[in-house]
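A quick write-up on the structure given underneath.
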Amino acid sequence: MNQTNQQGQKSGLKCPQCGNFIETSVTELLHAQGLRCSHCNLLLTINRHESRQAMEILQKVEDASKNLEKASTFKR
Ligand SMILES: [Zn+2]
């Protein structure tokens with residue numbers, strides 16, 4: 123298993139049923155109730171209690187990218 127992110131900005135996860143890559147954004151992962159695989163229609167629900175730590179990390183990533191947007195909008 124190679125977890126390198128060499129595809130650039132592409133984020134998402136692999137469907138556990140068919141192995142199709144489900145493309146999703148950090149924001150979507152944080153706020154959506156679940157993700158549906160467009161290939162086999164499997165609905166993945168996000169267990170927010172069990173993955174609380176992962177959610178916190180994602181939240182930080184989202185905050186950081188928002189701050190970056192702000193920083194690039196307000197030039198001094
Ligand atoms: Zn699938």
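Residue numbers for the sequence shown, in our numbering: 123 to 198. A virtual CB, placed ideally from N, CA and C, is assigned to each residue, including glycine.
Pick from the options: whose alpha carbon is nearest that of residue i?
i    : options                   : result
C162 : K192, L190 and N142       : N142
I179 : S133, T167, L152 and P138 : L152
E150 : Q181, Q175 and S173       : Q181
Just confirm the distance between the C-beta atoms of residue i and residue j, as a whole number of angstroms; I'd bet it's less than 8 Å.
i    : j    : result
T167 : G156 : 4 Å
Sorted by chain position, which residues of the same chain lie with C-beta nearer than 6 Å to residue i's C-beta, five sequence neighbours on each side aside?
i    : result
R158 : L165
Please list, in chain order, all residues of the same chain as residue i whose beta carbon is under 8 Å from its beta carbon, the five residues on each side excluded.
i    : result
S160 : N142 and I144
S194 : none
Going along the chain, which residues of its own chain have a beta-carbon closer than 7 Å to the beta-carbon of residue i, five neighbours each way excluded?
i    : result
V183 : V148
Quick one: is residue i buried, meaning 16 or more other Cβ sit within 10 Å of its Cβ, or exposed?
i    : result
C137 : buried
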